[in-house]
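Which chain is which? The protein sequence lines are V and P, in order. Per the numbering used here, the first sequence starts with residue 2, numbered consecutively. Per the numbering used here, the second sequence starts with residue 1200, numbered consecutively. Using N, Cα and C, we set each Cβ at its ideal position, and we do this for glycine too. It should be emphasised that the depicted structure is a prediction, and the values quoted were computed from it without experimental measurement.
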Amino acid sequence: GEDVEQSLFLSVREGDSSVINCTYTDSSSTYLYWYKQEPGAGLQLLTYIFSNMDMKQDQRLTVLLNKKDKHLSLRIADTQTGDSAIYFCAESSGSSGTYKYIFGTGTRLKVLA
Amino acid sequence: KAGVTQTPRYLIKTRGQQVTLSCSPISGHRSVSWYQQTPGQGLQFLFEYFSETQRNKGNFPGRFSGRQFSNSRSEMNVSTLELGDSALYLCASSLPGQGGLGAGYTFGSGTRLTVV
């Protein structure tokens, strides 16, 4: 079945860039998302990209999509301690009423001061 | 505007009991989805409700059920609780059909259920 995979941990120094990677298997994905989960909280939508795009930039966040390799990445520039959280990649496919939504296992980002 | 509200935040139950969790979506959001989050399994989709009807369902046993009311508020129920049901249960709301169409979900903070 469809699957979304992420590495479990990433540690970076404050001020450096972080790159979180994700691979997915569903070639019919319509949208791909990045969510952030802070301790004790739900998931917060950070950004998303439509499957016919290959890049999207939103302030410190850059999303790159390689549809051929089914690879998605999230780059956080100038990483801050407040960026420490779990980051989930997700993909959706289908149409209204029949879509599927699959989350990755999450990458725990630790930012060292 | 108010976010997605889940109650209660924390719950402790014993094996064999049943539990009901509540979710109030963002005003105007008619689609409500439920997820189970555990350290080992990540986020697993339980079900989605739209206009009081279950529209999608994940691979969970029949002990897990839900419903949605006319005001879009949703409840999920777990009967005959097992230790493995201990998890963070997250509710997410979205505009009609938008959960898969780019706008994404707005999640609540979850209900942490512990079964002892």
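Nearest-angstrom Cβ-Cβ length linking residue i and residue j, presumed shorter than 8 Å
i                 : j                 : result
Thr82 (chain V)   : Val112 (chain V)  : 5 Å
Ser1230 (chain P) : Glu1251 (chain P) : No, Ser1230 (chain P) and Glu1251 (chain P) are not in contact; Cβ-Cβ is about 11 Å, not under 8 Å.
Ser94 (chain V)   : Thr24 (chain V)   : Not confirmed; about 15 Å, so no contact.
Glu1274 (chain P) : Ser1221 (chain P) : 5 Å
Thr26 (chain V)   : Gly1241 (chain P) : Rounded, the Cβ-Cβ distance is 15 Å, inconsistent with contact.
Leu1 (chain V)    : Cys90 (chain V)   : As shown, chain V starts at 2 and ends at 114. That puts residue 1 (chain V) outside it, with no answer to give.
Close beta carbons around residue i, own chain, < 6 Å, minus the five adjacent residues each side
i                 : result
Lys37 (chain V)   : Gln45, Leu47, Ala86, Tyr88
Leu1287 (chain P) : Gln1236, Gly1309, Arg1311
Lys101 (chain V)  : Ser94, Gly95
Tyr49 (chain V)   : Tyr32, Tyr34
Residues of its chain near residue i, where Cβ-Cβ distance is below 8 Å and the 5 sequence neighbours each way are ignored
i                 : result
Phe1306 (chain P) : Val1203, Leu1289, Cys1290, Ala1291
Val1338 (chain P) : Residue 1338 (chain P) is absent from the model: chain P starts at 1200 and stops at 1315.
DSSP-derived helix/strand/coil call for residue i
i                 : result
Leu9 (chain V)    : coil
Thr82 (chain V)   : helix
Gly1196 (chain P) : Since the first and last residues shown for chain P are 1200 and 1315, residue 1196 (chain P) lies out of range.
Val1203 (chain P) : coil
Thr59 (chain V)   : Inspection of the sequence shows that residue 59 (chain V) is occupied by Asp rather than by Thr. Here Asp59 (chain V) sits in strand by DSSP.
Ile77 (chain V)   : strand
Lys71 (chain V)   : coil
Leu1312 (chain P) : strand
Leu1294 (chain P) : coil
Glu92 (chain V)   : strand
Thr1305 (chain P) : strand
Asn1270 (chain P) : coil
Neighbouring residues, chain V, relative to residue i (Cβ below 9 Å)
i                 : result
Ser1308 (chain P) : Gly41, Ala42, Gly43
Backbone CA spacing between residue i and residue j [nearest angstrom]
i                 : j                 : result
Thr1313 (chain P) : Gln1253 (chain P) : 26 Å
Phe1249 (chain P) : Phe51 (chain V)   : 24 Å
Glu1247 (chain P) : Gln60 (chain V)   : 32 Å
Gly1303 (chain P) : Arg109 (chain V)  : 21 Å
Ser1293 (chain P) : Gly16 (chain V)   : 34 Å
Leu1245 (chain P) : Val13 (chain V)   : 34 Å
Ile103 (chain V)  : Gly1215 (chain P) : 30 Å
Glu148 (chain V)  : Lys69 (chain V)   : The structure shown does not extend to residue 148 (chain V), since chain V spans only 2 to 114, so no value can be given for it.
Ser29 (chain V)   : Ala114 (chain V)  : 41 Å
Residues near residue i in its chain [Cβ-Cβ closer than 7 Å; skip 5 each side]
i                 : result
Pro1207 (chain P) : Thr1310
Ser18 (chain V)   : Arg76, Ile77, Ala78, Thr80
Gln1243 (chain P) : Tyr1234, Gln1235, Gly1257
Neighbour list for residue i in chain P, Cβ cutoff strictly below 7 Å
i               : result
Gly83 (chain V) : Residues of chain P passing the Cβ test: none, with the nearest at roughly 18 Å.
Partners in chain V for residue i, counting only beta-carbon separations shorter than 7 Å
i                 : result
Tyr1304 (chain P) : Leu46
Beta-carbon neighbours of residue i, restricted to chain V and to distances below 8 Å
i                 : result
Leu1289 (chain P) : Gly43, Leu44
Closer than 8 Å at the beta carbon, the chain P residues around residue i
i                : result
Thr26 (chain V)  : Under the 8 Å cutoff, chain P gives no residues; its nearest Cβ is about 15 Å from Thr26 (chain V).
Thr108 (chain V) : Simply none; closest approach about 11 Å.
Listed by chain order, chain P residues near residue i by CB distance under 9 Å
i               : result
Phe89 (chain V) : Gly1241, Leu1242
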